[in-house]
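K.L.:
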Amino acid sequence: MTDHLFNLHGDVLAAMRRGPKAFSKLAFALSDAEEPADTALGHFQDRIVAAGPGDELTALWHRTLTSWDLTEQADWSDAPARTDARRSDTYDRLGFGADLRKALDVAVPVFKEPGATVISKEFTSWYSRDTAAARAFYWNSYEQTLRRKGWSDAAVSSLDEASHAVVERLSDPTRTEAYGARGLVVGYVQSGKTANFTGVTAKAIDAGYRLVIVLGGTLNLLRGQTQRRLDMELIGQENILRGADPADTDALVGVDYQDDEDWPAKFVSHGGRPSTLGSFDIERLTTRDNDYKSLETGIRALEFDKQDRTQPLYVPDNLHHAAARVMVVKKNSLVLAKLLKDLKKIGPILSEIPALIIDDESDQASVNTTDPKKWEDGKVTRKAINSQITQLLSLLPRAQYVGYTATPFANVFVDPGDEEDIFPRDFLISLPRPTGYMGVQDFHDLESEGTAEETHVRGIYDGTTDRLQEALDAFVLTGALKLYRAANGVPEGPFRHHTMLVHESVRQREHAILALRINSMWHRSAYTGQEGHARLAALLADDFQRFADDGLPTPTSYDDLKPYVSRARQLINSGGEPVIIVNGDTERDYEQPELDFDRTPHVWKILVGGTKLSRGFTIEGLTITYYRRTTQQADTLMQMGRWFGFRPNYRDLVRLYIGREEALGKSKTVDLYEAFEAICRDEETFRAQLTRYAALVDGKPQVTPAQIPPLVSQHLSWLKPAARNKMFNAELVEIRSPGQPIEPAAYPADAAATGRNTERWEPLLSTLTSAPVTLTNPSDSTSSLSRSFSALTSTISHAELVSILSALEWERPELFRPHLTYLSQLDGRLAKVDDWLVIVPQLSRSNRTEASILGSVPLSLARRSRQAGKTVFGRISGVEHRTSAQRIIDGPGSEDLSISPTTGVMLLYPVVEGQNDAETASAAPHGVADPSKVTMAFTLIPPKSAIDSTRQLLRFQAKDSSHARDVFVTSTSL
């Protein structure tokens, strides 16, 4: 039966390509005279209210409204994207009444998760939404593919916005003057960056880019995975077959994927050769199994058919009729040398080709790591692959370079003054955390007393044995639980592969020893006997039943699971052994069928390895991780986080066994879990800074990519400026934080300096009241109960506070100096702050230590510790204290304390550095604290009124011009 209402709405929404318009007028103009009732909005509202799952009309509006909600720059609305105000503007434009709005809001809630963060130079707009819609053959095909894979409307729209943001910052492929943009896209480890650059590729070739070179990893295995992904989801069957009859076996000789179990069903079909459908074909210059070897048809491989041979290729009439060429090339100097050699033979046509170079894992191998001090006569000396990439960009003057990485710091520290290098001078885009992604927040309780660690993390301490047998049991048990779920109605697709990662060392010899040990342990585990079943039953009851997802089938007794344990053991033991070693010096070491997750139907194995099991290598079905490798490099540690990723229908089964007391060197032990958390905090801080400064002021960017390094140097203490001297182009001298916490952490380690600092606080300490006040946080999304704490209070004038802060000594003064510059101007020059409410939280624990400091009333001493291997403390303020202070600042509505709009809030803590309560007590014998053992640590929250909204949030100071190689930035006006 024809769905007239759906068809009409499809026609109407298709006519709203530029945004929402008066719906009823368009519906009347487009409706069939025989179906006038369909134009009535009442029928539409009734349909939406009564719609069940799978209703096509609801799905159509879900896609459309979500797309409008997420559009970053909408000329039909001044409201920000992803807000109720934007949705309200949409309804106003459509002419919808209150009842219909309410029905649609229930059916299609506003998607409010954050989008991509963009740091960019000003650019010439050429890729509007109209331009994108006018030529969108491959993007539309890719979008449909994602929806068939089960992507939500919000996920597709978010990808659309993020990939559009990249393409619009590339050079117009039809412009006369050649320009090569340089950009960087930052994602999360194993978070779907490939999907983004596939979307960028689709949009770019639709727009006119005719040569795409993807630098896809340093191994054939990784390069082949990327090639297959592009072939399957973008290039498609017809471009792979190139006219060959799929029913003619002789014609398929030499055509790849004939042995792939997903061919052709899961490979996109365009319904015919794109060139016969009004679009253009894609010619592959590499295949799944063959990296770039040579232009097999010689120079003709890059000869483009031109409609007008007297005009360059980039002229629109020529460009949009020419086929695109795509190659996925391994980052290997021999392979890149062949490509460069061939390109040099081609000649002038190269200057006409709009090209896109996508560098996957761009901080690996691509960055120049030579020491500038060793350069001869100041001439840049480059590493092989960095040199070849710069040569490639030189040969292709219309080439755009876009790097992709989850660990961006090496890229943003590339010398901005080196015009030939890959510094992202034009844009840096930070992708949002995708829906369904298991990341830092799922393994670390970063902000509060959460359950992430208890649910997913199993620490390995000296007193717990090595827990390897338990991890092995967990691997068998979770495999059985996946099979149980598949048998009880859960889609089995995500359970196709089931893997465990064991990563203890970088040494290959130790991998072999460890693999032998695990194999021996496996055969002694008695999974078919009473002893093995008893262990598994106990692990199910003590661990996995406790933390099971209530929305997924989980057996109530081990007897219900027992049949699936037998099948899981068989799958893991297939081939005779459960373990695969993943290491080696040659490609042949990685050409194991069990490592090919694409072509092998079921990979149920334990993978033992080191470096090669990190960057770029996706371990499908990873459920149990056993990690004990130490490293002192933050980006290396981050890339080891293979346990991050998407775990549909089994995220509650994921477990991380991680060393908490691992040897580092001869005399030091480190907690890998805490070290990982510290690095993750640093990365999240970097992202938060990018987000904060991404907003335009007066239509112009506050910060450009060239000014990112100071953000990193200030907030990531493990990145040492002295070792990155060629990478800093400016000094950050001010950070303004109206309404936002300022929490310095680099307090002196020297006892004498600590004592002098404490004495500088004496005038304030003497004013603290002896009668505590009670501050209460009401119930919220984190707790259904209200929470209270007591505190001593005082008030200090702004001038007095600045005087104290200006006199303080610091372990790293450059970290607080930019904040102090801002605070000192709140005397009326920048904005006016009169005074500060001082809150000194008092601990409620019975074993708390109270002491007088320099004659003050008794204060609760707080215990804090510095981050492992660093000079800075971790979090100073408690989450409930910070929440209460923020409520007071945000007022009105705070029932505890009321302050004026020109009053800031300071949380003040007498901190004792230590690991236990005894150390805290030792700092204050007889109830009197030793000033040299007490750090007066604080968190400041300036009032929101402490800035003029038209002013910049950052200020940079140019470096000394006497240094010839420095890059200078004019100070931002204030």
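Just so it is clear: in the sequence shown, position 2 is 6 by the working numbering, and no numbers are missing. Backbone N, C-alpha and C fix where the C-beta goes; we use that ideal spot for every residue, glycine too.
1. Please report the straight-line C-alpha distance between L865 and M910, rounded to a whole angstrom.
2. Do you know how far the Cα of Y441 is from the Cα of G99?
3. In its own chain, which residues sit with a C-beta less than 6 Å from the C-beta of E624, not counting the 5 before and 5 after it?
4. From H8 to M20, what distance separates their C-alpha atoms?
5. Going along the chain, which residues of its own chain have a beta-carbon closer than 6 Å to the beta-carbon of N372, five neighbours each way excluded?
6. Just to confirm, are D363 and G407 a CB contact at a threshold of 7 Å?
7. Kindly indicate which residue of D50, E813, T230 has the alpha-carbon position closest to the one of A755.
8. Quick one: is N653 buried, meaning 16 or more other Cβ sit within 10 Å of its Cβ, or exposed?
9. Excluding the 5 residues flanking R67 on each side, which residues of the same chain have their C-beta closer than 7 Å to its C-beta?
10. Helix, strand or coil: how does DSSP classify G649 here?
11. Around the C-beta of N144, are 16 or more other C-beta atoms found within 10 angstroms, so that it is buried, or is it exposed?
12. So W379 is in the beta strand (DSSP E); what residue range does that whole segment cover?
13. Check the DSSP bridge columns for D364 and list the partner residues they point to.
14. Can V218 and A169 be called in contact, C-beta distance under 7 Å?
15. Give me, in chain order, the residues of the same chain whose beta-carbon lies closer than 7 Å to that of A855; leave out the 5 immediate sequence neighbours on both sides.
16. Based on Cα-Cα distance, which residue from L234, G918, I361, S283 lies nearest to T149?
17. Which class does G663 belong to by DSSP, given the choice of helix, strand or coil?
18. Cutting at 7 Å between CB atoms, please list the residues of its own chain near V160, excluding the five before and the five after it.
19. Would you report the Cα separation of A248 and L188, rounded to the nearest angstrom?
20. My output table needs one value for D831: the three-state DSSP class, helix, strand or coil.
21. In whole angstroms, what is the alpha-carbon distance linking E884 and Q744?
22. Of the residues D293, P748, H13, which one's Cα is nearest the Cα of E815?
23. Around the Cβ of L520, are there at least 16 other Cβ atoms within 10 angstroms (buried) or fewer (exposed)?
24. Which same chain residues, not among the five before or five after A199, have their C-beta less than 8 Å away from its C-beta?
25. Return helix, strand or coil for H606, following the three-state DSSP convention.
26. Between the Cα of D425 and those of L841, P118, Q404, spot the shortest distance and give me the residue it belongs to.
27. Quick one, are the C-beta atoms of D632 and E508 less than 7 Å apart?
28. At what residue ranges does the region 789-817 contain a whole run of the beta strand (DSSP E), taking only runs of 3 or more?
29. Helix, strand or coil for K704 per DSSP?
30. With 16 as the cutoff for other CB atoms within 10 Å, does Q194 come out buried or exposed?
31. Sort I393, T314, Y318, A328 by Cα distance to L340 and report the nearest one.
32. Cβ of F431 within 7 Å of Cβ of R173?
33. Are the Cβ atoms of L779 and A795 separated by less than 7 Å?
34. Just the C-alpha distance for D59 and F10, rounded to the nearest angstrom, thanks.
35. Quick one: measure Cβ to Cβ for Y488 and L543, integer angstroms, because I've assumed they're closer than 8 Å.
36. Helix or strand or just coil, what does DSSP make of G613?
P.N.:
So, from the data block:
1. The alpha-carbon atoms of L865 and M910 are separated by roughly 17 Å.
2. Distance between the alpha carbons of G99 and Y441 is about 37 Å.
3. Hits under 6 Å: H501, F601.
4. Approximately 19 Å, taken between the alpha carbons.
5. Short of 6 Å from the beta carbon of N372, and not among the five residues preceding or following it, lie these beta carbons of its own chain, in chain order: R386, K387, N390.
6. Yes. Within cutoff.
7. Taking only the C-alpha atoms, the option nearest A755 is E813.
8. With 16 or more neighbouring CB atoms inside 10 Å of its own CB, N653 falls in the buried class.
9. Answer for R67: D157, listed in chain order.
10. Strand at G649.
11. Taking all protein chains shown into account, N144 has fewer than 16 neighbouring C-beta atoms within 10 Å of its C-beta and is therefore exposed.
12. In the DSSP assignment, W379 falls outside any beta strand (DSSP E), carrying neither H nor E.
13. D364 is bridged to G220, Y408.
14. No, the Cβ-Cβ distance between V218 and A169 is not below 7 Å.
15. Around A855, the same chain offers P862, L863, L865, A928, G931, V932, A933 as residues with beta carbons nearer than 7 Å, after the five sequence neighbours per side are excluded.
16. Across the set L234, G918, I361, S283, the C-alpha of L234 shows the shortest separation from the C-alpha of T149.
17. Three-state result, G663: strand.
18. Only E147, L150, R151 meet the Cβ criterion.
19. The alpha-carbon atoms of A248 and L188 are separated by roughly 39 Å.
20. Per DSSP, reduced to three states, the secondary structure at D831 is strand.
21. Rounded to whole angstroms, E884 to Q744 spans 16 Å at the Cα level.
22. The candidate whose alpha carbon is nearest that of E815 is P748.
23. Classification for L520: exposed.
24. Shown here for A199: same chain residues with a beta carbon closer than 8 Å to its own, the five before and five after excluded, namely L150, L163 in chain order.
25. The three-state reading of DSSP puts H606 in coil, since its state is none of H, G, I, E or B.
26. The residue with the shortest Cα to Cα distance from D425 is Q404.
27. Going by the sequence as given, residue 632 is Arg instead of Asp. In this structure, E508 lies closer than 7 Å to R632 by Cβ.
28. Within the region 789-817, the runs of beta strand (DSSP E) that reach at least 3 residues and sit entirely inside it are, in chain order, 791-801.
29. Correct three-state label for K704: strand.
30. By the 10 Å Cβ count, Q194 comes out buried.
31. Answer by Cα proximity: I393.
32. The answer is yes: Cβ separation under 7 Å.
33. Taking 7 Å as the cut-off, the beta carbon of L779 is found closer than this to the beta carbon of A795.
34. Spanning the two alpha carbons is a distance of roughly 10 Å.
35. Actually they do not touch by this definition, with Cβ atoms about 15 Å apart.
36. The three-state secondary structure of G613, taken from DSSP, is strand.
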